[in-house]
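Here the protein sequences line up with chains B, F, P and A, keeping their order. Residue numbers for the first sequence, in our numbering: -13 to 329. Residue numbers for the second sequence, in our numbering: -13 to 329. Residue numbers for the third sequence, in our numbering: -13 to 329. Residue numbers for the fourth sequence, in our numbering: -13 to 329. See below for the structure under consideration.
Number of protein chains: 4
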Amino acid sequence: MTRLAVLGCGRAGLMHAGNIAAHPRAVLAGVHDIAASAAENAAHALGARIFGSAGEALASPDVDAVVIASATATHCDYIEAAVEAGKPVLCEKPLDVSLERVELCRRRIGDTDLPIMLGFMRRFDAGHRAARQALLDGEIGELHQVVITSRDPCLSSDAYIETSGGIFRDMTIHDFDLARFMLGEEVVSVFATGSRLVDPPLMERCGDYDTAAAVLTTGSGKQAIIVNSREAAYGYDQRVELFGSRGMALSDNPRENAMTRHVRGATNVSAPLLHFFVERYRAAFVAEIRSFVDAVEGSAPVEVGFEDGRLALVLADAAFRSVAEGRTVAVAEIAQGPTGGLR
Amino acid sequence: MTRLAVLGCGRAGLMHAGNIAAHPRAVLAGVHDIAASAAENAAHALGARIFGSAGEALASPDVDAVVIASATATHCDYIEAAVEAGKPVLCEKPLDVSLERVELCRRRIGDTDLPIMLGFMRRFDAGHRAARQALLDGEIGELHQVVITSRDPCLSSDAYIETSGGIFRDMTIHDFDLARFMLGEEVVSVFATGSRLVDPPLMERCGDYDTAAAVLTTGSGKQAIIVNSREAAYGYDQRVELFGSRGMALSDNPRENAMTRHVRGATNVSAPLLHFFVERYRAAFVAEIRSFVDAVEGSAPVEVGFEDGRLALVLADAAFRSVAEGRTVAVAEIAQGPTGGLR
Amino acid sequence: MTRLAVLGCGRAGLMHAGNIAAHPRAVLAGVHDIAASAAENAAHALGARIFGSAGEALASPDVDAVVIASATATHCDYIEAAVEAGKPVLCEKPLDVSLERVELCRRRIGDTDLPIMLGFMRRFDAGHRAARQALLDGEIGELHQVVITSRDPCLSSDAYIETSGGIFRDMTIHDFDLARFMLGEEVVSVFATGSRLVDPPLMERCGDYDTAAAVLTTGSGKQAIIVNSREAAYGYDQRVELFGSRGMALSDNPRENAMTRHVRGATNVSAPLLHFFVERYRAAFVAEIRSFVDAVEGSAPVEVGFEDGRLALVLADAAFRSVAEGRTVAVAEIAQGPTGGLR
Amino acid sequence: MTRLAVLGCGRAGLMHAGNIAAHPRAVLAGVHDIAASAAENAAHALGARIFGSAGEALASPDVDAVVIASATATHCDYIEAAVEAGKPVLCEKPLDVSLERVELCRRRIGDTDLPIMLGFMRRFDAGHRAARQALLDGEIGELHQVVITSRDPCLSSDAYIETSGGIFRDMTIHDFDLARFMLGEEVVSVFATGSRLVDPPLMERCGDYDTAAAVLTTGSGKQAIIVNSREAAYGYDQRVELFGSRGMALSDNPRENAMTRHVRGATNVSAPLLHFFVERYRAAFVAEIRSFVDAVEGSAPVEVGFEDGRLALVLADAAFRSVAEGRTVAVAEIAQGPTGGLR
C-alpha cells in the first residue's frame, strides 16, 4: 500500500484525502493544515492522523508521498522540501504566481528522479480524453484548432481573487495546460485580452479581469482559442472542441442525469450543469490520484509534470503581457525579461 | 402544366391550393367550397376561379385533376364522380368513417386506371422518410418494432370530435398508415385501448377516447406500437422509431430553429415543437402535391393509393372492436362482419 | 456499522458485495455461494469471510442482514429462513418464477416487521427518479401515459433463458415495477404480445419470446406502454417517458461521456450506450444498498418491498396469459385461477 | 408589384432571382450577366427578360430596383450607377476589396435617400435571430461575449481565392457583420491571426490564410471571438453563441431532418450539416429579399445598409493589419492610414 499525506485541508485537499482513502492500493497516512480545525475535520471524517507541520509529514517514515493542496504561496517550498525528503509529490496548480519562484524551484529540484506531478485534473476527464483519443486515432485528421470554453459558475470571494495571481494564472492556467495537452506541440505565441464586465470595481481594484479570451499559436500554425468568464449564470461551462482536417471532436458538458422536460414553450429542458470543479471533475480527480499512485509505485510515468506546470505559468505570464501591451507575445520573450502580470 | 381544382377550402384545402399555385408545373384551376365565403377567400388569396359546385369543377375542361379536402362525408361521392369524369384524385383522409361506404366506393371505382391518391402526408416527411431509407439501406438490419408517438397539441372543437368517426379513424389512421408504410408487410392483428383523461365528459358523450395505445402485429411477428393523445401541452409530438436487428432509426421532432437557451436551473432549452400538422408537415404537404402531380403526369406511380386508405380504415375498425371487446382482433375479421366503432 | 452477508456471488452478488464494502456505515460480513470458487473469488477480492452455507450466514451473530443474489429458485427459501432468523433481507428479482410459491412465502412471512426489500434498482436511477420528481412536483400535470423502452444489449445464454421463467418474469418484471412506481396507482388490466424475431428456434424451444410489448391500464385509465427486446445492437436501451396533462418528462439513456464526433456524412456521433445493467445502473445499485442499510438501521422505511415483488410477478403472469389468450387480462383474474405462462 | 432586376447570374444571383420570382409582391423584371450563357440560363429557368448590360437594366422603366450579385469589382460601380438612376439596391458582400474604393463610393452616394441594402443574409437566419431576440428580451442579461464559429465545407477554387480579397474580406466579413449585429455597440479594436493549414502552397501564393481566429472588443469591453476555417470535413459549420450575465443563447447548426441512427459503437448519429450557404441560409435569403422588397416599398427601414458593409470591411482591414503586425489594431487607425491586407 502506498501511504500518502495531504498538506492543506481546504476544498481540494479534503477531496484528495477522500479519494486516497477510497483507492484500493493507497492509504491516507495523515493530513496537515495550518488551521488546526481544518486538519481535525479531515482527520475525523476519514479516520486519519494529524501532522503538526508539513515538515513532520515529510519526515515521517509512514509517509511515502505527499499531495500539496495548501495555499499557492507554499507550493514551491513544499515541493523543495519533499524532494529533499525523497518523497514524490502531487501538487495543485499553480506552482506559484511568480515565474521566478518557479524557476528557482526548478533549479533546486532540477535533477530529481522523483515523481513530481501537477494537479491538472482536466487531462483526466473522460470526455476531454475521449476527444483526444479520437484525435490520436486519426478520426479527425490533423489538428488545426482547439477551442476551449471555460467559465466558472460564480466569482470567488474577493480575498481569493486578490491573491489568485490573476485570471490567467488562477483560472486560464487549466486551459493553457489543456491546450498544450491537445495541441501536441509547443505554443510559440500568445495573444490575450481581458475585460471587466462581471464585477468591474473588484477587477479594477485587483488589476484583474473577469472576462477573457486568448489565442495561442504553435510553431506549425495550430491555433488554440480560449474563452473565459469568471461567472456563468447557467453553471460551470467546460467544453473542448478539437477541429481537424477530417472532422471535429467536441467534449461537451455532461449533466447529472439524462432527463429532459418538455412543457408549453420550452422543450428538451435539461438538467443544470454540474456545479463546479469538485462535481464536474469528480471522476477526473479520482483518476488523477490513481495516476499519481501508479507513478509513485513506479508502474507508470508521471502523466503531467513540473515542466507542464511551469510552461502553463509561462503562458499565463505571456497572456498578462499581451493584455498590457496589446500585442502578440512570443513565448520566448517570457523566459528572459521580467514577467508582466497583475499590477 | 397540370391544372388542379381544390374541393373544400378549409385549413387543409387552402394549404393544398397554395402548394399547387407554387408548384412549377401545376396551376390552380379553381376552388370550390359549399361555404361561398371560404371559396371566395381562397380564390382571392390565390387569384383562382370559383366553381359553383364540385360537379362543375369535375366537368370543367380546364381541370385535369382534383384535390378533395372537403368534409369526410363527401369523400367517396367525390371520388366516384371524379372517376366517372376521368379525373385523377388526391383525397384527404379518411376515405369515410364507414368501411361499408368505402367498400362500396371500391366496387364502384374498382377497375379504374386513374391515379387515386390518399393524403397520408406523413409518408412524405423528410425525417420519417430518412428513417425508412436507413431501413431499406440495411443500416438497422431486419425490422422488429415500429414505435410511433403521435400526439396532437390540443383537442379539436367538440363539433369536430363528434363527427370525426372517433380517434382511431380520425387521428390514429395516420399512424396506422405510417405503421404499414414502415413495416413493409401487412398487419394481421390489432390490439387497442382507449382512455378518457383529457376531456372525460366530451369523450363519454361521443363514445370516443382522447388517450390511446395500439399494438399491431404482422404475419411474421413484427410489432408496431402506437401511442396517442389528443392533447400534448408541449406541442404536436410526432416521433417514429424503427428498431431492427442491427440498430435503430429515430425520426424525432424537428424544431423551428436550432437555438438553445441556458439559464440558471435549465440548460439546453429548445424551441417549442412546430405547432400542428400545417407547420410540422409543411414540406411533406408540398412533397405530396409534387408526388400527385407526377402521378397525374404519368411520370411516377401513385405512392399511396385508395387501398392504403381502405386498409388504414380497416385497422381503425379493428382498433375500435379491440377496445370494445378487450381482445386482439384479427384483421381478417373486419372484412366480414359489421364493424365496431363509435356508439 | 451494519454487517451484511451476501448469498450468491454471481455478477449481481459480487457487485452488491463491493457496494456494501464501500458503504460508509456497512461492513461485508461474509459471502456464500454453492460454487466454492465463486465465493472464494468474492472473499478474496473484498477481504471477506466465506460462509459454508446460507444457513450458516443466517445463523451467524456477526450478520445483521442478508442480500440474496443467488439463483431465483432459492429466493423464497432464503427469505423464509432469514425471517425465521430475524434478519432483514434485500432480495434480487424475481421472487420466484411461480406465483404460487411467492404466495406461499407471503403467507409464511406475512406478519413480519423485518425489512424485506426487493432489488428493483431502476427505482433508484437518477434519471428515472428525476422524471418522477418532475411528476410529483406538478411540472407535467396529471399523469396520462408512461412509456418504457427496455431492451437488453444481447441475448443471455440458452441455459439462462431456459430457466428464466420467460421474458415477462425475467426482464419485463423490472418494467412492470417501474410502471407501478411511476403510475402511482394500481394496474387493473394487462395486454401483452410476444414475438420470436431475435432467435426463433431458441424461443420456440423455451416457449418464450424475445420481442414484446405490453399495455397496462389503471383503474382511472392511465396507461403504461412497455416496449421490450432481448437484443439491441446499439446497446442497453433504457428510456422512460412520463406524459401528463401539462408536459412530458423523458429519462433518456445516459452515456459514458459527453463527447461527440462530427465527420463527413455523420455528425453528433455520441458514445455507445453503457453496456448493461451493471454499468447502466451502477449508481442505482449503490443507492439501493444505501436505502437498504437505512431500512435495516431503522432510519427510513423500505422503499420497495415484498408486495412490490409479488405484484410485479402478478403482472408478468397476466402478461403471459394475455399472450396465450389474445385478450386483455384483468389483474384480478390472476390472484384466483392457476397462472398461465411458459409452456 | 415591385419589379427587380438581377445583375450577375452566378450561384448567388440565380438564387436571388428565384426568390424574387417566388415573392408574392415582387416580379423578376430581368437579368444580366457579362457571360451571355449564364444570363440565358437564368432567363430561361425563370421566364425572365435578358438585359444586355447593367446600364440597360438600370435605365429600364420596367425596373424598380436592382440586386447586385456580380463580381466584387463591379459592386461599387453598379451601386453608384443605380443611385444615379434612382434605383434602390441590394448588393452582395463585400462592397469591394479596397476600402478606399468603398469610401469613394460613399462620398459619391453619400446623401442618397434610396434604400441601399447589403447582402449579409446571416442576420436573417431564424436561429441567429432567435438568439438575438433572447438577448433583446433580457433572457441572458447583459451581453459579455459573442462566439462565432464559421467554417466553410471546402476550399473554393484557386481562382476564387486569388481574387477574393483574402479570408477576412471574403469569408470573415460575414462574421464581422454578425458580431456587430449581436454586440449592439461598435467594435473599437481588432486582434486576428491566420494560419496556413488546409492548403499551405495556395495560401502562400495568395498571401492568404485558411485558418483564422479574431477577437473584437467594444468600447465597454464586450468581446466577440471568431473561429474560422476554409474547410470543415463535416460540412458548413455555422454557430453563434451569445453569453451574457444571466445566461447563454446558442444558435447551433440546423440539419435537414431530425432523424438519428443508433448502431453498434455509434449512437445518436445525426444527418450531415446542410451543405453550404445556399442550403444553410435558404430561408435567410428569402427573408432578405422580403426585407429588401419591404424597404423598396417604403414599408420598413433598410435592415442592413451601406455603412454596415463599409464597417465590416474596416474590421477586415484591421484584421489583416493585426496579422501583419502581431498586435491589436484600433479601428480608428484604419480610417486614416493606408490599409494593410493581402500582399
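Where a beta carbon is used, it is the ideal one built from N, C-alpha and C, also for glycine.
Interface partners of T246 of chain B on chain P, CB under 8 Å: Position 260 of the first sequence, counted from the first residue, corresponds to residue 246 of chain B. Correct list: A235, L236 and D238.
Would E134 of chain B and D196 of chain B qualify as a contact pair, given that the criterion is a beta-carbon distance under 8 Å? Looking up residue 134 of chain B in the first sequence gives position 148. Looking up residue 196 of chain B in the first sequence gives position 210. Residue identity differs from the one stated: residue 134 of chain B is Ile in this sequence, not Glu. 8 Å or more divides the Cβ of I134 of chain B from the Cβ of D196 of chain B.
Report the partner residues of I6 of chain P according to the DSSP bridge assignment. Taking the third sequence and counting its residues from 1, the one referred to as residue 6 of chain P is at position 20. According to DSSP, which records beta bridges pairwise, I6 of chain P is partnered with nothing at all.
How should P47 of chain B be labelled, buried or exposed, when 16 other C-beta atoms within 10 angstroms of its C-beta is the threshold for buried? Numbered from 1 along the first sequence, position 61 holds the residue referred to as residue 47 of chain B. Around the beta-carbon of P47 of chain B, fewer than 16 other beta-carbon atoms lie within 10 Å, marking it exposed.
Run through DSSP, which three-state label would T253 of chain B get? Your numbering for residue 253 of chain B matches position 267 in the first sequence. Three-state DSSP puts T253 of chain B in a strand.
Local Cβ density within 10 Å of S23 of chain A, reported as buried at 16 or more and exposed below that: Along the fourth sequence, read from residue 1 onward, the residue named residue 23 of chain A stands at position 37. Under this definition S23 of chain A is an exposed residue.
CB T158 of chain B to CB V201 of chain A, shorter than 8 Å? Within the first sequence, the letter at position 172 stands for residue 158 of chain B. Within the fourth sequence, the letter at position 215 stands for residue 201 of chain A. Cβ atoms of T158 of chain B and V201 of chain A: not closer than 8 Å.
For D163 of chain P, which option in P:D294, P:L90, P:V282 and P:Q224 has the closest C-alpha, if you only look at C-alpha atoms? For the purposes of this step, residue 163 of chain P is taken as the residue at position 177 of the third sequence. With distances taken between Cα atoms, D163 of chain P lies closest to P:D294.
Around the Cβ of C140 of chain B, are there at least 16 other Cβ atoms within 10 angstroms (buried) or fewer (exposed)? In the first sequence, counting from the first residue as 1, residue 140 of chain B sits at position 154. Only exposed fits C140 of chain B, as fewer than 16 other CB atoms lie within 10 angstroms of its CB.
What residues from chain A crowd round L259 of chain P, counting only those whose CB sits closer than 7 Å? Within the third sequence, numbered from 1, the residue matching residue 259 of chain P stands at position 273. Simply T253.
Are the CB atoms of G105 of chain A and E78 of chain A within a distance shorter than 8 Å? Working through the fourth sequence from its first residue, we reach residue 78 of chain A at position 92. Working through the fourth sequence from its first residue, we reach residue 105 of chain A at position 119. It is a contact, given that the beta carbons lie within the stated cut-off.
Could you round the C-beta distance between V226 of chain P and T203 of chain P to whole angstroms and report it? I think they count as a contact, below 8 Å. Reading the third sequence from its first residue, position 240 is the one you call residue 226 of chain P. Reading the third sequence from its first residue, position 217 is the one you call residue 203 of chain P. The pair is not a contact, with the Cβ atoms about 18 Å apart (cut-off 8 Å).
Cβ-based neighbour list, A112 of chain A, same chain, cut-off 7 Å, excluding 5 preceding and 5 following: The residue given as residue 112 of chain A occupies position 126 in the fourth sequence. If we look at A112 of chain A and ignore the five residues flanking it on each side, its Cβ neighbours are A269.
DSSP three-state call for F229 of chain B: helix, strand or coil? Position 243 of the first sequence, counted from the first residue, corresponds to residue 229 of chain B. In the structure shown, F229 of chain B sits in a strand (DSSP, three-state: E or B).
Just the Cα atoms here: how many angstroms apart are E26 of chain P and A252 of chain A? Residue numbering aside, residue 26 of chain P sits at position 40 when the third sequence is read from its first letter. Residue numbering aside, residue 252 of chain A sits at position 266 when the fourth sequence is read from its first letter. Rounded to whole angstroms, the separation of the alpha carbons of A252 of chain A and E26 of chain P is 38 Å.
Verify the CB distance criterion: does R108 of chain B have a CB-CB separation below 8 Å to chain P? By one-based count along the first sequence, residue 108 of chain B stands at place 122. It does not: the Cβ of R108 of chain B has no partner Cβ on chain P nearer than 8 Å.
Does any CB atom of chain A fall closer than 8 Å to the CB of R329 of chain B? Taking the first residue of the first sequence as 1, we reach residue 329 of chain B at position 343. The predicted model places R329 of chain B with a pLDDT of 37, which falls under 50 and marks its position as unreliable, so this point remains unresolved.
Please classify Q119 of chain A as buried or exposed, where buried requires at least 16 other C-beta atoms within 10 Å of its C-beta. Looking up residue 119 of chain A in the fourth sequence gives position 133. Using a 10 angstroms sphere on the CB of Q119 of chain A, the tally of other CB atoms stays under 16, which defines it as exposed.
Start and end residues, beta strand (DSSP E) containing M103 of chain F: Locating residue 103 of chain F in the second sequence gives position 117, where the first residue counts as 1. Per DSSP, the unbroken beta strand (DSSP E) holding M103 of chain F starts and ends at I102 to L104.
For the stretch 298 to 326 of chain B, which residues have a beta carbon sitting closer than 7 Å to at least one beta carbon of chain A? Those residues of the stretch 298 to 326 of chain B that come within reach of chain A (Cβ to Cβ, closer than 7 Å) are G312, R313 and T314.
First and last residue of the uninterrupted alpha helix (DSSP H) at I159 of chain B: Here residue 159 of chain B corresponds to residue number 173 of the first sequence, with the count starting at 1. Run containing I159 of chain B: T158 to L169, per the alpha helix (DSSP H) assignment.
With DSSP collapsed to three states, give me the class of S237 of chain P. For the purposes of this step, residue 237 of chain P is identified with residue 251 of the third sequence, where counting begins at 1. Strand.
With distances taken from CA atoms, which of F:F306, F:E86 and F:R182 is nearest S206 of chain P? Stepping through the third sequence from its first residue, residue 206 of chain P is reached at position 220. The option with the nearest alpha carbon to S206 of chain P is F:R182.
Report the residue ranges of all beta strand (DSSP E) runs contained in full by the stretch 181 to 212 of chain B; include only those spanning at least 3 residues, in chain order. At a cut-off of 3 residues, the continuous stretches assigned as beta strand (DSSP E) that sit fully inside the stretch 181 to 212 of chain B are 197 to 204.
Does any CB atom of chain A fall closer than 8 Å to the CB of E242 of chain F? As a working mapping, residue 242 of chain F is identified with position 256 in the second sequence. True, the Cβ-Cβ gap to chain A drops below 8 Å.
Buried or exposed for T149 of chain F, going by 16 or more other Cβ atoms inside 10 Å? On the second sequence, residue 149 of chain F is found 163 positions in, with the first residue counted as 1. T149 of chain F sits exposed, since fewer than 16 C-beta atoms from the chains shown fall within 10 Å of its C-beta.
Using the beta-carbon count (16 or more within 10 Å), is R109 of chain B buried or exposed? Counted from its first residue, the first sequence places residue 109 of chain B at position 123. Per the 10 Å Cβ criterion, buried.
In chain order, which continuous runs of the beta strand (DSSP E) of length 3 or greater are located wholly inside the stretch 45 to 113 of chain F? Within the stretch 45 to 113 of chain F, the complete beta strand (DSSP E) runs of at least 3 residues are 51 to 54, 75 to 77 and 102 to 104.
Using a Cβ-Cβ cut-off of 8 Å, state whether P199 of chain A counts as contacting chain B. Counting from one through the fourth sequence, the residue named residue 199 of chain A turns up at place 213. Here residue 199 of chain A is Ala; the residue named in the question, Pro, does not match the sequence. Interface residue (Cβ-Cβ distance to chain B less than 8 Å): A199 of chain A is classified as such.
What does R250 of chain P reach in chain A if we use C-beta pairs closer than 7 Å? Looking up residue 250 of chain P in the third sequence gives position 264. What R250 of chain P touches in chain A, judged by beta-carbon distance under 7 Å, is A219 and Y220, going in chain order.
F263 of chain P classed as buried or exposed, judged by whether at least 16 other C-beta atoms fall within 10 angstroms: Here residue 263 of chain P refers to the residue found at position 277 when the third sequence is read from its first residue. Its Cβ being crowded by 16 or more others within 10 Å, F263 of chain P is buried.
Would you list the one or two residues that DSSP bridges to A298 of chain A? Numbered from its first residue, the fourth sequence carries residue 298 of chain A at position 312. For A298 of chain A, DSSP records no beta bridge to any residue.
Does DSSP put L260 of chain B in a helix, a strand or coil? Mapped onto the first sequence, residue 260 of chain B falls at position 274. In the three-state reduction of the DSSP assignment, L260 of chain B falls in the coil class, being assigned neither a helical nor a strand state.
Within 8 Å, strictly: CB atoms of Q330 of chain A and A199 of chain B: An answer regarding residue 330 of chain A cannot be provided, because it is not within the stretch -13 to 329 covered by chain A.
Which of the three DSSP states, helix, strand or coil, is assigned to V309 of chain B? One-based indexing of the first sequence puts residue 309 of chain B at position 323. V309 of chain B falls in the helix class under three-state DSSP.
In angstroms, rounded to a whole number, what distance separates the CA positions of I6 of chain P and V184 of chain B? Indexing the third sequence from 1 puts residue 6 of chain P at position 20. Indexing the first sequence from 1 puts residue 184 of chain B at position 198. C-alpha of I6 of chain P to C-alpha of V184 of chain B: approximately 46 Å in a straight line.
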